[in-house]
Amino acid sequence: RKEVEQDPGPFNVPEGATVAFNCTYSNSASQSFFWYRQDCRKEPKLLMSVYSSGNEDGRFTAQLNRASQYISLLIRDSKLSDSATYLCVVNTNAGKSTFGDGTTLTVKP
Amino acid sequence: DTEVTQTPKHLVMGMTNKKSLKCEQHMGHRAMYWYKQKAKKPPELMFVYSYEKLSINESVPSRFSPECPNSSLLNLHLHALQPEDSALYLCASSQGAGVRDTQYFGPGTRLTVL
Chain E
17 RKEVEQDPGP
27 FNVPEGATVA
37 FNCTYSNSAS
47 QSFFWYRQDC
57 RKEPKLLMSV
67 YSSGNEDGRF
77 TAQLNRASQY
87 ISLLIRDSKL
97 SDSATYLCVV
107 NTNAGKSTFG
117 DGTTLTVKP
Chain A
57 DTEVTQTPKH
67 LVMGMTNKKS
77 LKCEQHMGHR
87 AMYWYKQKAK
97 KPPELMFVYS
107 YEKLSINESV
117 PSRFSPECPN
127 SSLLNLHLHA
137 LQPEDSALYL
147 CASSQGAGVR
157 DTQYFGPGTR
167 LTVL
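So the protein lines, in turn, are chains E and A.
Just so you know, we're using my numbering here: the first sequence kicks off at 17 and counts up by one.
Just so you know, we're using my numbering here: the second sequence kicks off at 57 and counts up by one.
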């Protein structure tokens, strides 16, 4: 079993749709969690850190469920520019980040 | 400013060449990382430097040799690479190497080994 698992998708949604991604992690000692987005042939860019109380940034909401060991990312009112691969990242040991394989989102007009 | 810069953007080299990748940040971060990313795969950690000392080496072949001349610079020296080493090489930095530190990535060097 992978340490961090994501649904690879692809998710194809129309503009304006709401879409949610889940990410599960296997190590209960994991301490911090992030969502990055990566555009084709570009570097990963931090989208959000994920806090246990959940956090929101505009159209994006991240949630952490420690009991079930998953994090989620909700995107509301999808834009064409949201098309990207979304990477779930989990930090367990200092200096080591474990990446999920990524979920591909395509937003269509 | 969360900028990490990398040079060159693209590099083509033969299997007998020696080349170096460079990474720089001026955010005062004390941890720097090298990752390798193949197409449609997530980044794979290669090395971590914390306070200019190598703290993690993920069993990377010796044909890859990292160097951290100072807290702002990170190099990756390449020698006798194989075609399967062709990938995007990403540098990242973070405030520290703690479990809660957020990593910021540079744009990467796209390496092709012929």
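Cβ coordinates follow ideal geometry from the N, Cα and C atoms, glycine included.
Quick caveat: nothing in here was measured; it's all calculated off a predicted structure.
Extent of the continuous beta strand (DSSP E) run through residue i
i               : result
P28 of chain A  : With chain A covering 57 to 170 only, the question about residue 28 of chain A has no answer from this structure.
C104 of chain E : 100-107
C147 of chain A : 143-150
P125 of chain E : Note, P125 of chain E: premise wrong, no beta strand (DSSP E); not H, not E.
T114 of chain E : 113-115
P163 of chain A : Element bounds for P163 of chain A: n/a, residue is neither H nor E.
L130 of chain A : 129-135
G77 of chain E  : Inspection of the sequence shows that residue 77 of chain E is occupied by Thr rather than by Gly. It spans 76-81 - the beta strand (DSSP E) in which T77 of chain E sits, taken as one unbroken run.
N43 of chain E  : Here N43 of chain E belongs to no beta strand (DSSP E), and DSSP marks it neither H nor E.
M88 of chain A  : 87-93
K170 of chain A : One detail in the question is off: residue 170 of chain A reads as Leu in this sequence, not Lys. It is not in any beta strand (DSSP E) - L170 of chain A carries neither H nor E in the DSSP assignment.
V29 of chain E  : 27-30
Q81 of chain A  : 74-81
E114 of chain A : Neither: E114 of chain A is in no beta strand (DSSP E) and is coded neither H nor E.
S88 of chain E  : 86-91
Helix, strand or coil at residue i [DSSP, three-state]
i               : result
S68 of chain E  : coil
E100 of chain A : strand
S48 of chain E  : strand
P60 of chain E  : strand
S180 of chain A : Because residue 180 of chain A is not part of the residues shown, which for chain A are 57 to 170, the question remains open.
L96 of chain E  : helix
P64 of chain A  : coil
E21 of chain E  : strand
Near the ligand MN: residue i beta-carbon under 7 Å from a heavy atom
i               : result
L144 of chain A : Within the structure as shown, the ligand MN is missing, as the structure has no ligands at all.
Distance, residue j Cα to residue i Cα
i               : j               : result
V189 of chain A : E114 of chain A : Given a span of 57 to 170 for chain A in the structure shown, any question on residue 189 of chain A remains unanswerable.
F37 of chain E  : I112 of chain A : 31 Å
C147 of chain A : R82 of chain E  : 30 Å
A78 of chain E  : T165 of chain A : 31 Å
S46 of chain E  : S68 of chain E  : 12 Å
F103 of chain A : M69 of chain A  : 22 Å
F120 of chain A : N107 of chain E : 25 Å
K92 of chain A  : E59 of chain E  : 11 Å
M71 of chain A  : V29 of chain E  : 44 Å
E72 of chain E  : L170 of chain A : 46 Å
E123 of chain A : Y89 of chain A  : 11 Å
K95 of chain E  : P24 of chain E  : 20 Å
L80 of chain E  : S88 of chain E  : 7 Å
A110 of chain E : V20 of chain E  : 17 Å
T40 of chain E  : L110 of chain A : 30 Å
S127 of chain A : S97 of chain E  : 35 Å
G32 of chain E  : L63 of chain E  : 19 Å
Decide yes or no for the touch test of the region 110-120 of chain E against the region 63-78 of chain A: beta carbon pairs closer than 8 Å, at least 3 of them.
-> Segments in contact, no.
Does the pairing of the region 121-137 of chain A with the region 69-87 of chain A give three or more beta-carbon distances under 8 Å?
-> A contact exists between the region 121-137 of chain A and the region 69-87 of chain A.
Contact the region 143-162 of chain A vs the region 93-102 of chain A: 3+ CB pairs below 8 Å | Contact holds: three or more Cβ-Cβ distances are below 8 Å.
May I ask you to verify whether the region 80-89 of chain A touches the region 49-59 of chain E, counting CB pairs closer than 8 Å and requiring at least 3?
-> At 8 Å Cβ cutoff, the stretches do not touch.
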